[in-house]
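Chemist:
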Amino acid sequence: MHVRTHLVARLAHPSGYCSGTLLSPTTVLTCAHFFRGVDRLVNVYVAGTRRRVKDLEVIAGTDIAIAYVSPVRVDADTVFPTFGAAPPTFAPTATFGFGGKLRHPAARDGRFLSTMPFALSRNLRTVVQPAGVIFNTTPAVKGDSGGPVIANGKVFAVQSLILDPFGINLGVATVSLIDERVRESVDKRAR
C-alpha cells in the first residue's frame, strides 16, 4: 500500500488525539467521534506544520468529519490521496495513524472482511454507516481513529472503532466507508 505519510495528520486537543489525512492544502479527513464534546481549539499537525481547525463538517449518520484549516504549504507536485471503493473480501489493506502515542504515522496491514449497513460503538454514541470490517495483523489502537484506510492505493474508509472485549484487542476494526455524502462534501469545498 502506498501512501504519502507526510500527509497523515495528527489532530490534538488537551484531552486526546486522533489521526486524519490531508486531502488538499485546506482539507483534513478524520473521524467525527473525536470532536464530540470538544469545545476547545483543535490543532492539526501535518506536513511539518501546525494548523488550527477553522471549520468542521460532520457527515450526518457517519463517523466521518472534514476539518478545514488554513492552507498547508506542500510541494507544487504533491499528489493528494483520492477516494476509492471498498475492496473485495480478503483484499489487503493498510490503516495509517498515530495510535499508541507514536511520533510518526505507522501502517497497520490487514485484510478487508466485509461491509455492514451500520455498526455501533460499545456506548452506542458512535454510529458508523456504512461500515466495513478489517482484520489487522498489527491491531489498530486508540489514536488511530480517523486515519486513512487504503486499498489499491486509494482511501476507501476512515478508522473508527476497535473490537477489544475485556481490554483484549482482537485485531478487528470497524471502519467508516467513504460514500457519496463524503465525496460530495469534499467536492463542494474544492470548487
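Residue numbers for the sequence shown follow UniProt numbering, so the first one is 1 and each next one is one higher.
By construction, the Cβ of each residue, glycine as well, lies at the ideal position given by its N, Cα and C atoms.
Below 8 Å on the Cβ atoms is my guess for ALA157 versus GLY132; work out the distance and round it to an integer in Å.
Modeler: At roughly 5 Å, the Cβ-Cβ gap stays under 8 Å, so ALA157 and GLY132 are in contact.
Chemist: Write down the C-beta distance between PHE34 and LEU11 rounded to the nearest angstrom, noting that I regard them as a contact closer than 8 Å.
Modeler: Rounded, the Cβ-Cβ distance is 6 Å, consistent with contact.
Chemist: Taking the alpha-carbon positions, what's the PRO87 to ARG52 distance?
Modeler: Taking the straight line from one Cα to the other gives about 33 Å.
Chemist: Tell me, which residues are paired with ASP179 by DSSP?
Modeler: None; ASP179 has no bridge partner.
Chemist: Reducing DSSP to helix, strand and coil, say where HIS33 ends up.
Modeler: Note: HIS33 maps to helix in three-state DSSP.
Chemist: Work out the CA separation of VAL38 and LYS54 for me, nearest whole Å.
Modeler: Between LYS54 and VAL38, the C-alpha separation is close to 14 Å.
Chemist: Between which residues of its own chain and ASN183 is the CB-CB distance below 8 Å, once the five residues before and five after are set aside?
Modeler: With the sequence shown as reference, residue 183 is identified as Arg, and Asn is not the correct amino acid for it. PHE83, listed in sequence order.
Chemist: Rounded to whole angstroms, what is the Cα-Cα separation between TYR17 and ASN123?
Modeler: Straight-line Cα distance between these residues: approximately 19 Å.
Chemist: Pick helix, strand or coil for MET1, following the three-state DSSP scheme.
Modeler: Since pLDDT at MET1 reaches only 48, below the 50 mark, its modelled position is unreliable, and the value read off the structure follows with that caveat. The answer is coil: DSSP assigns MET1 none of H, G, I, E or B.
Chemist: Which residues in the same chain have their Cβ closer than 7 Å to the Cβ of GLY100, if we skip the five residues on either side of it in sequence?
Modeler: Cβ neighbours of GLY100 beyond the five flanking positions: VAL141 and GLY143.
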